[in-house]
């Protein structure tokens, strides 16, 4: 396997808040990498830096060996067209019906785009009957599946999943996990997922990395997660309040 | 002495930070407008989006703009009649009404009403799209948000506002005519003749120019504040308020500048 995405020493701050403090990470082609870590540790910012939506202050980001930082105009658009992204809240366009959301990035006559949308709906386990509904007429789980169909519709090389199971019941979360794993295996896509959900990690990941205070503090195969012997990883995967990760709580 | 110096320093620091923030905002707004204009003049364009925005800004604003003009024209005719009567100049009602409506009240009140209706809606829509990551989603779906969201709104507002103001002017004059003929005893044909006699091409052209400029500022403020909103529902609320207030100020300021340039002698 070759390196698809490579980050080295990536720093980013917003005002006085230093969010990324030197991220080093490599994702192999066709691999499913899952990033775990607490809220506010910089996971989403890291994804947006790779996409070129946020500009890092320092460091380098390479996709297939090509630098991302500094891309502008058509070069940036060409870079972004290689990615699909499932946003945390779905980010479906309220004003458009489901089929137009899914086929948004596709070109060609409306009939062909609609057929492609229905085909992608089937991939995520939804029928053609939802194609003409608006996003606000769908349940949370269905919205997530439609967003997933939209993310894969243009057959991107790389897909980012931003907390794909947040806000879903355990059964629907498992359905989404199965879909993601299936899509990654079936379509041979390189996937980068960020999540807090350990059942997602165990189902989706080939490799796992943990981010804490803007740095990758552990990285390894999914099966070595339980034997990582890293107190931060151990505290996180077992969801313990006690440990090296301190929550900024005020005593009553 | 040292406390006096300290107070002066504190005041200067506070003043300086306000001035810096003002210039930073002007810089960001100018850059935003420059990027938007760059997208407006170069293809690809989105005709479906443009048509939809023309409908929203123009057609759906007609009732509020029309009623505003009709009532204002009537009230203006009544006031001119009362004021003019003091100098035996009640006969100036048609001339002053048409000049007042076409040069000032039609475009300004039309602009303010559209700003209240449209700038707020644009800021709320784009602000919601920003905080729900729909604008980021557009980028990942190979679509430039400036081309898809901002450019059609600005083009539509600039094209549609002159037409709206044209209708607004006609209804304003009609409001004055209705009141003058039904309440103040003016002869209908004479009123309309006087109106036509005193209305000049410059009045209409300046009215249309003002309307186009107001349309640009309305859409620019709605898009700028919505596009850059942050902080959830409260942030969208702030963006909406800021869009309307800044559009109002820019409409009134640009109206003054255009009036002075065109009619200032």
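Protein chains in written order, with the working numbering: chain P, 1162 to 1413; chain R, 527 to 791. All residues carry an ideal CB built from backbone N, CA and C; glycine is no exception. Computed from a predicted structure; not experimentally measured.
Excluding residues up to 5 positions away in sequence, 1188, 1353 and 1368 lie with their Cβ nearer than 6 angstroms to the Cβ of residue 1194/P in the same chain.
In the displayed model, residue 1199/P falls within coil according to three-state DSSP, outside both helix and strand. Listed along chain P are 1248, 1249, 1250 and 1252, each with a C-beta nearer than 8 angstroms to that of residue 659/R. Within chain R, the residues placing a beta-carbon under 7 angstroms from that of residue 1212/P are 666, ordered along the chain. If only complete runs of 3 or more residues are kept, the segment 1240-1290 of chain P shows the beta strand (DSSP E) at 1244-1247, in order along the chain. Residue-level contact check: residue 1175/P does not touch chain R, since none of the beta carbons of chain R fall below 8 angstroms from its beta carbon. By the CB criterion at 8 angstroms, residue 1366/P and residue 1379/P fall outside the cutoff.
Residues of the segment 1257-1268 of chain P that bring their beta carbon within less than 8 angstroms of a beta carbon in chain R comprise 1265 and 1266, in sequence order. Secondary structure remark: continuous alpha helix (DSSP H) runs of at least 4 residues inside the segment 539-590 of chain R, in chain order: 573-583. Only buried fits residue 587/R, as 16 or more other CB atoms lie within 10 angstroms of its CB.
Within the same chain, Cβ atoms closer than 7 angstroms to the Cβ of residue 572/R are found at 673, 674 and 678, the five residues on either side in sequence being excluded. A straight-line Cα-Cα distance of about 52 angstroms links residue 724/R and residue 660/R. Secondary structure of residue 665/R (DSSP, three-state): helix. Chain-order list of chain R residues neighbouring residue 1242/P: 668, by C-beta distance under 8 angstroms.
Across the structure, residue 1227/P and residue 1325/P are spaced so that their CA atoms are roughly 28 angstroms apart.
In this structure residue 1408/P is exposed. Its beta-carbon is surrounded by fewer than 16 other beta-carbon atoms within 10 angstroms.
At a cut-off of 8 angstroms, the C-beta of residue 1302/P has no neighbouring C-beta in chain R.
The segment 633-647 of chain R makes contact with the segment 742-759 of chain R, as at least three CB pairs between them are under 8 angstroms. Here residue 1174/P is bridged, per DSSP, to 1179/P. Excluding the 5 residues flanking it on each side, residue 1206/P has same chain C-beta neighbours closer than 7 angstroms at 1173, 1180, 1181 and 1215, in chain order. Of all residues in the segment 619-650 of chain R, none comes within less than 7 angstroms of chain P when Cβ atoms are compared. Contact with chain R is found for residue 1245/P, since one of that chain's Cβ atoms lies less than 8 angstroms from the residue's Cβ. By the 16-neighbour rule on beta-carbons within 10 angstroms, residue 1399/P is exposed. When DSSP states are grouped into helix, strand and coil, residue 1387/P belongs to the coil group. Taking all protein chains in view, the Cβ of residue 1332/P is surrounded by fewer than 16 other Cβ atoms within 10 Å, so the residue is classified as exposed.
Residue environment for residue 708/R: exposed (fewer than 16 other C-beta atoms within 10 angstroms of its C-beta). Only exposed fits residue 533/R, as fewer than 16 other CB atoms lie within 10 angstroms of its CB. Going by DSSP, residue 1347/P is part of the alpha helix (DSSP H) stretching over 1331-1348. Nearest to residue 1327/P by alpha-carbon distance, out of 1224/P, 1199/P, 1250/P and 1303/P, is 1250/P. Within chain P, no C-beta atom comes nearer than 9 angstroms to that of residue 765/R; the closest sits roughly 17 angstroms away. Residue 611/R and residue 770/R have their alpha carbons spaced roughly 39 angstroms apart. In this model, residue 1356/P and residue 1329/P are separated by some 13 angstroms (Cα to Cα). Chain R has no Cβ within less than 8 angstroms of the Cβ of residue 1283/P. Straight across, the Cα-Cα distance linking residue 664/R with residue 1278/P is about 17 angstroms. Residue 758/R has its alpha-carbon roughly 8 angstroms from the corresponding atom of residue 654/R. Under DSSP, the beta-bridge partners assigned to residue 1194/P are 1353/P and 1368/P.
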